[in-house]
Each structure stands twice: as structure tokens, then as C-alpha cells.
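Visitor: In case it helps, our numbering puts the sequence shown at residues 22 to 274. Cβ coordinates follow ideal geometry from the N, Cα and C atoms, glycine included. Below are the C-alpha cells for one structure; questions will follow.
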Amino acid sequence: MVTIDINCDMGESFGNWTMGQDEKVMPYITSANIAGGYHAGDPHVMNEIVALAAEHDVGIGVHPGLPDKMGFGRRTMAASPDEVRDYVTYQLGALQAFAERHGTTVQHVKPHGAMYSMLSESDEHAQAVMEGILDVNEDLIYLATDMNIYEVAQEYDELRSVFEGYVDLTYRPNRSLIVEQQMEPKESNLIAERFLDIALDGKVTAEDGTEIDVPAKSICIHGDGPNAVELLETIHQQVDEHDIELASLDEIV
22 MVTIDINCDM
32 GESFGNWTMG
42 QDEKVMPYIT
52 SANIAGGYHA
62 GDPHVMNEIV
72 ALAAEHDVGI
82 GVHPGLPDKM
92 GFGRRTMAAS
102 PDEVRDYVTY
112 QLGALQAFAE
122 RHGTTVQHVK
132 PHGAMYSMLS
142 ESDEHAQAVM
152 EGILDVNEDL
162 IYLATDMNIY
172 EVAQEYDELR
182 SVFEGYVDLT
192 YRPNRSLIVE
202 QQMEPKESNL
212 IAERFLDIAL
222 DGKVTAEDGT
232 EIDVPAKSIC
242 IHGDGPNAVE
252 LLETIHQQVD
262 EHDIELASLD
272 EIV
């Protein structure tokens, strides 16, 4: 039997602004990547989403970003490796406090947007973040979208790491993702097929029609997609039919 984690970026609302469908999506996932207040989120939202995840027995992870709410953490910023490490530590510490409040723990770290790109392009930045994670908690898992970052994470024997794949975004032949500024509705059967391709075979079809390797043990679904719940319902139907087990990252690695 194949075991797969389904993760989703959550807690990205703040103040009077709402993003995503966290309450509707939470019952269908096994790990939640919760914004740490820099690119999105705020203390009240973090508290609510941690409580919701704990209620549904969903693994909790921090989704740290650069301090840029106006740009949703997607704009490039000049930051040293030490600064990026401290950004992650700060947001991880905030989420850890809310997790303790609700009788749960932080399971993983998954950087967001421009921070993720920075780690992908600079081994020095990636190493600083890995070391910062280990300084806080050696039980944490690093959730990697990029193979270069994944390989850096694997250099640290004491750090658990998991590679993730995407089914509601399109891959380029070099395994980079085509990020949509605003998520468009997706055809549910196509998304479910992609899920099975990655979960069962570790492969997916890129935009040019070539088949590429995506050796993922966790698959991300974007909760801000207009039909995200429909996609997840269809995926769960396929999970049942193909004898796939869903489990949080902590149970996989």
C-alpha cells in the first residue's frame, strides 16, 4: 500500500481580508502549512487555524515567508542567510506557541514564495535555514518543493525531509512550477489523475507533454482555488479506489 500526505497552505487571511477556504478544506488534508504572519496571516488567524487543525488531527507546519504582506511574500528581497534563518525561527516560534496552547506540536517547515526561491538559488541560504530549524527542534520535517533544496536538506542526517509534488499547478520540463497569480478552476478528473500519477508512479506530465519524475511523498493542493473542495473530494474517491493510505508527514518519515 502506498502512503501519501496531502498538504495545503492555510492561515493566509489577515485583518478584514480573507483568503482560501480553510474550514472547508481542512477535513480533506493531512498536513496544514500555516502562514507565520510575515507574508500573510496574523496572530488571531494563526490561533484559529491551529485549533482547527488540532480538531481534525491534521499535522501542523509553519509556512514562513519574507516580511512583505503587500507583495504576498512573492517579491524578491535582499536578505542575508542569517536574516532568512531568523525570519524562519521567528515565525516557527510564533506557531509553536499556538500549537502548545492547543495541546499539539509543530510537525514541519515549508517556506513560501520568494523565500523558497531564495533557498533554491543559494545553498548558503538553504543551509542557514536547515541549521536554524535544527537549532529549534530536531524532530521537525523540512517539506521541499525544489530538488536542490531537498538535496541540501538530506545532507543533514538529523533532519527529516520530504519532497512534495503539485497537482493543481503545471510543471515545466525542468520540474519548476508555473505559478498562477490567481488560481483558476481546474477539471477535477484531470487533477485526480495527476494525483494518482505522482502517488503511484512518481511521475507527471509537463506542459510540453514530456513525462518528468516527481518522487513525492506529499502532494499539495491550493485551498484558494475556486473549486478546491471539489478537487479534494474527487481525489479522495480515487484514494479509496486505489487502496492509497493518507497520513500526515510525521507518520510517513
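1) Kindly indicate the opening and closing residues of the beta strand (DSSP E) around T255.
2) Taking all protein chains shown into account, decide if N28 is buried (16 or more other Cβ within 10 angstroms of its Cβ) or exposed.
3) Under 8 Å, with one C-beta from each stretch per pair, do the stretch 219-231 and the stretch 179-199 reach the 3-pair mark?
4) Could you check where the beta strand (DSSP E) with G246 kicks off and where it finishes?
5) Between T97 and the rest of its own chain, which residues show a CB-CB distance below 6 Å, the 5 nearest in sequence each way excluded?
6) Pick from F93, M47, D30 and G94: whose alpha carbon is nearest that of V83?
7) Buried or exposed: N54, going by 16 or more other Cβ atoms within 10 Å of its Cβ?
8) How many angstroms separate the CA atom of D167 from the CA atom of M47?
9) Classify E228 as helix, strand or coil using the three-state DSSP reduction.
10) With DSSP run on the structure shown, which of helix, strand or coil describes E208?
11) Determine the direct distance from the alpha carbon of Y59 to that of D271, and round the result to whole angstroms.
12) Of all the options N210, Q117 and N158, which has the alpha carbon lying nearest to the alpha carbon of P64?
13) Short of 7 Å in beta carbon distance, which residues of its chain neighbour Y177, apart from the five on each side in sequence? Order them along the chain.
14) Is the Cβ-Cβ distance between L161 and V127 less than 8 Å?
15) Which of helix, strand or coil does DSSP assign to G184?
16) Thinking C-alpha only, which one of E201, I273 and G124 is nearest R95?
17) Any heavy atom of the ligand NAP closer than 7 Å to the beta-carbon of D261?
18) Use the C-beta contact count for K207: other C-beta atoms within 10 angstroms, 16 or more gives buried, fewer gives exposed.
19) Pull up the distance between the alpha-carbon of I256 and that of I212, whole angstroms please.
20) Using a Cβ-Cβ cutoff of less than 8 Å, which residues in the same chain neighbour K90 once the five nearest sequence positions on both sides are dropped?
21) With R122 and G153 assumed to form a contact (beta carbons below 8 Å), what rounded beta-carbon distance in angstroms separates them?
22) Look at the Cβ atom of L164, then the Cβ atom of V183, and state whether they are nearer than 8 Å.
23) For a test of the three-state rule: what should DSSP assign to T126, helix, strand or coil?
24) With the cut-off set at 8 Å, would you say C241 and Y187 are in Cβ contact?
25) Just grab the DSSP bridge partners of A165 for me.
26) Return the CA-CA distance between I70 and T39, expressed in angstroms with no decimal places.
Guide: Concretely, from the data shown:
1) For T255, there is no enclosing beta strand (DSSP E); the residue is part of the alpha helix (DSSP H) that begins and ends at A249 to E262.
2) The residue in question, N28, is buried, as its Cβ has 16 or more Cβ neighbours within 10 Å.
3) Under the Cβ criterion (8 Å, minimum of three pairs), the stretch 219-231 counts as touching the stretch 179-199.
4) According to the DSSP assignment, G246 belongs to no beta strand (DSSP E), since it is labelled neither H nor E.
5) Closer than 6 Å at Cβ, skipping near neighbours: A135.
6) Among F93, M47, D30 and G94, the Cα nearest to that of V83 belongs to D30.
7) Under this definition N54 is a buried residue.
8) About 25 Å.
9) Correct three-state label for E228: coil.
10) Correct three-state label for E208: coil.
11) For the pair D271 and Y59, the Cα-to-Cα distance works out to about 25 Å.
12) Comparing Cα positions, the closest option is Q117.
13) M151 and L155.
14) Their beta carbons are under 8 Å apart, which means L161 touches V127 by this criterion.
15) The sequence shown places Phe at residue 184, not Gly. The three-state secondary structure of F184, taken from DSSP, is strand.
16) For the residues E201, I273 and G124, the minimum Cα distance to R95 belongs to E201.
17) The ligand NAP is absent from the structure shown, which contains no ligand whatsoever.
18) Answer is buried; the Cβ neighbour count reaches 16.
19) When rounded, the distance between both Cα atoms is 8 Å.
20) The residues are F35, Y59, H60 and A61.
21) So it is not a contact: roughly 23 Å between Cβ atoms.
22) Taking C-beta atoms as the reference points, L164 and V183 count as a pair closer than 8 Å.
23) In this structure, T126 counts as coil in the three-state DSSP scheme.
24) One thing to note: C241 has its Cβ within 8 Å of the Cβ of Y187.
25) A165 is bridged by DSSP to F184.
26) The alpha-carbon atoms of I70 and T39 are separated by roughly 13 Å.
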